[in-house]
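Trainee: Got a structure for you, written out below as structure tokens; questions coming shortly.
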Amino acid sequence: VKVLLRNPKREVEEAGPVRVHALLDRLGIHRETVLVISNGALVTGDSLLLDTDIVEVRPVISGGA
Amino acid sequence: MTNPGMKCMVCKQPAVIDLPRHNAKFCGEHFSNFCREQTAKAIRHHDMMQLTDRVLVAVSGGKDSLALWDLLLALGYQADGLYIGLGIGEYSDESGQYSQRFADARGLKLHTVDLRGTYGFDVPTAAATMKRVPCSSCGVSKRHIFDSYAVEHGYDVVVTGHNLDDEAAVLFGNALHWEMEYLARQRPVLPARDGMPKKAKPLVRLAEREMAAYCIVNSIDYQVEECPMAAGNRHLGYKEALNLIEAQSPGTKHQYYHGFLDRLAPVLADTAADRGDLGRCERCGAATTAGICSFCRISAATNGVNPVSIEVVISRTRGSKKSTASKGPAR
């Protein structure tokens, strides 16, 4: 699974198949702080990601005035 | 191809989001319906506005303000936007472009005010001059301009995209330090008063993650990058702490904030902390508790000061965290 991460922007490869929640746990990312977009579509935590998927882990926490 | 997991609880099609605090799963269409219902419920419950009101949306180009604008239009409100160019380098340039593209694509009216062009300073220069964290000068500037613009242009209410996470984090910070005056004022709607417009936060029933999801589901292109000057502020720390609790006990943020509104806010409204009479700023006439308002103090202090770069401010802020007021006064 190709995973695109932000802050800083980077790309990592993770072995599939893997559930979204398991992938986030593996990456040490809190579920409440991100959305996961697979091949352009929003997916839920129990969705199964395959080796061929391109996944964006998008942060959702803002902290301005 | 990803194998979809859970099903929408309404139509049984593949879900795109699960909301543990509601024990709910939705497809895109029914999630959007949910967001509209929650927004309408907040507006109705807190008597935020009427369909005949002229509404001014405080637009930043981020997920919350663009989702809010979209939701209000879907609910039938007449809403224009106001974007403020804060002078935070490329970040501000891009946020303005996202806001304008959103408005243009829908044929909406977006007003724009450039902080340096109109008032002679920008947020980095203000932060450096006032020796405060950037979010403090930024918040003061935005509140002053949104308020004065709404009054001058005859809008009935200013709405901001503060969501449940924002409000729970502010409440957490205010309660940690027992800021009674701020607690007394922390309500999702504030009536027009002393020359200030009515202000409302229609997203207080929706979480930050839900607003980002609403944008993705509805193809709203928003600025994902965070303000470079906000990184590491106290407000983000409060959100992180609350999210750890939320993971253990879904619904805690909602219970905390809406429990406060139901049980403690009415008590605080009767306290002396909320009764202070406001005077008028000697320079601009805005409501203030001091002789000169915070915005005019920044304006006076930065008069003649050369522009300061973002990098300089960030390095100073991280070097000495002297003060934080990330989402502080007047909220």
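If you read the sequences in order, they're chains A and B. The first sequence runs 1 to 65 under this note's numbering. The second sequence runs 66 to 396 under this note's numbering. Every residue gets a Cβ at the ideal spot worked out from N, C-alpha and C, and that includes glycine. These figures come from a predicted structure and were not determined experimentally.
(1) What whole-angstrom Cβ distance do H300/B and G16/A have, given they're in contact under 8 angstroms?
(2) At a CB-CB cut-off below 7 angstroms, which residues of chain B make contact with E32/A?
(3) Report yes if the C-beta distance between L35/A and R58/A is below 7 angstroms; otherwise report no.
(4) Under 7 angstroms between the Cβ atoms of M276/B and A132/B?
(5) Cβ of T177/B versus every heavy atom of the ligand FAD: is any distance shorter than 6 angstroms?
(6) Output yes if chain B places a C-beta closer than 7 angstroms to the C-beta of P8/A; else output no.
(7) Let me know if A390/B comes out buried or exposed under the rule of 16 or more other beta-carbons within 10 Å of its beta-carbon.
(8) Pull up the DSSP beta-bridge partners for S284/B, would you.
(9) Identify whether I375/B lies in helix, strand or coil by the three-state DSSP scheme.
(10) Of all Cβ atoms in chain B, is any one closer than 7 angstroms to the Cβ of L49/A?
(11) Alpha carbon to alpha carbon, what distance is there between Q288/B and V282/B?
(12) Just mark P253/B as buried or exposed, buried being the case when its beta carbon has 16 or more other beta carbons within 10 Å.
(13) Quick one: list the residues of chain A neighbouring M71/B, beta-carbon separation under 8 angstroms, in chain order.
(14) Would a check of beta-carbon distances place A233/B closer than 7 angstroms to chain A?
(15) With a cut-off of 8 angstroms on the beta carbons, I'd call V224/B and P267/B a contact; round off their distance for me.
(16) Grouping DSSP H, G and I as helix and E and B as strand, with all else coil, what is E11/A?
(17) With distances taken Cα to Cα, identify the nearest neighbour of H209/B among V373/B, K196/B, F186/B and A352/B.
(18) How should E273/B be labelled, buried or exposed, when 16 other C-beta atoms within 10 angstroms of its C-beta is the threshold for buried?
(19) Give the DSSP bridge partners of L175/B, in chain order.
(20) Could you compute how far the alpha carbon of G40/A sits from the alpha carbon of V55/A?
(21) To which residues does DSSP link R258/B through a beta bridge?
(22) Is there a C-beta anywhere in chain A that falls below 7 angstroms from the one on K77/B?
(23) Which runs of the alpha helix (DSSP H) at least 4 residues long sit entirely within the stretch 28-58 of chain A? Give them in chain order.
(24) Please specify which runs of the alpha helix (DSSP H), each continuous and at least 4 residues long, are wholly inside the stretch 297-329 of chain B, giving them in chain order.
(25) So what does DSSP say about F91/B, is it helix, strand or coil?
(26) Touching or not, the stretch 175-188 of chain B and the stretch 131-148 of chain B, by the rule of three or more beta carbon pairs under 8 angstroms?
(27) Under 8 angstroms, CB to CB, which of the residues in the stretch 81-103 of chain B have a partner in chain A?
(28) Use the C-beta contact count for Q464/B: other C-beta atoms within 10 angstroms, 16 or more gives buried, fewer gives exposed.
(29) Mind checking if I29/A is an interface residue toward chain B, Cβ cutoff 7 angstroms exclusive?
(30) Tell me whether P394/B sits in a helix, a strand or coil according to DSSP, three-state version.
(31) Note down the Cα distance separating I61/A from V205/B, rounded to an integer number of angstroms.
(32) Starting from V289/B, find everything on chain A with Cβ-Cβ shorter than 8 angstroms and list it in chain order.
(33) Along chain A, which residues have their Cβ under 7 angstroms away from the Cβ of Y127/B?
(34) Say whether chain B places a C-beta atom closer than 7 angstroms to the C-beta of D53/A.
(35) Within a Cβ cutoff of 6 angstroms, which residues of the same chain sit near V216/B, ignoring the five residues on either side of it in sequence?
(36) Give me the DSSP bridge partner(s) of R19/A.
Mentor: Taking the coordinates as given:
(1) Rounded, the Cβ-Cβ distance is 36 angstroms, inconsistent with contact.
(2) Chain B residues near E32/A: R274, N308, E311 and A312.
(3) For the 7 angstroms CB-CB criterion, L35/A and R58/A form a contact.
(4) Using a Cβ distance threshold of 7 angstroms, M276/B and A132/B count as a contacting pair.
(5) As presented, the structure is devoid of all ligands, the ligand FAD included, so that no description of it is given.
(6) Cβ-Cβ to chain B under 7 angstroms: no for P8/A.
(7) The pLDDT assigned to A390/B is 38, lower than 50, so where the model puts this residue is not dependable; a value taken from the coordinates is nonetheless given after this. Burial call: buried.
(8) According to DSSP, S284/B shares a beta bridge with no other residue.
(9) Residue state, collapsed to three classes: helix.
(10) Yes - at least one Cβ of chain B is within 7 angstroms of the one on L49/A.
(11) Distance between the alpha carbons of V282/B and Q288/B is about 15 angstroms.
(12) Buried.
(13) Within chain A, the residues near M71/B are T44 and D46.
(14) Chain A contact via Cβ: absent.
(15) So it is a contact: roughly 6 angstroms between Cβ atoms.
(16) Three-state result, E11/A: strand.
(17) It is A352/B.
(18) Taking all protein chains shown into account, E273/B has 16 or more neighbouring C-beta atoms within 10 Å of its C-beta and is therefore buried.
(19) Answer by DSSP bridge pairing, in chain order: G146/B.
(20) Rounded to the nearest angstrom, the two C-alpha atoms are 8 angstroms apart.
(21) Paired residue(s): M261/B.
(22) Any Cβ of chain A closer than 7 angstroms to the Cβ of K77/B would place that residue at the interface, and such an atom is absent.
(23) The stretch 28-58 of chain A contains no whole alpha helix (DSSP H) run of 4 or more residues.
(24) List check, alpha helix (DSSP H) in window: 299-313 and 317-324.
(25) Taken through DSSP and simplified to helix, strand or coil, F91/B comes out as strand.
(26) Three or more beta-carbon pairs separated by less than 8 angstroms link the stretch 175-188 of chain B to the stretch 131-148 of chain B, which places the two stretches in contact.
(27) Within the stretch 81-103 of chain B, V81, I82, D83, K90 and G93 place their CB atoms closer than 8 angstroms to a CB of chain A, listed in sequence order.
(28) Nothing about residue 464/B can be reported from this structure: the residues present for chain B run from 66 to 396 only.
(29) I29/A does not count as touching chain B.
(30) Low local confidence applies: a pLDDT of 33 at P394/B is under 50, so the model's placement there is unreliable, and no value is given.
(31) I61/A and V205/B: Cα-Cα distance of roughly 22 angstroms.
(32) Within chain A, the residues near V289/B are R6, R58 and P59.
(33) Checking the sequence shown, residue 127/B turns out to be Gly, not Tyr. When 7 angstroms is used as the limit between beta carbons, G127/B is near these residues of chain A: S62, in chain order.
(34) The Cβ of D53/A sits closer than 7 angstroms to at least one Cβ of chain B.
(35) Answer for V216/B: P262, listed in chain order.
(36) DSSP lists L48/A as partners of R19/A.
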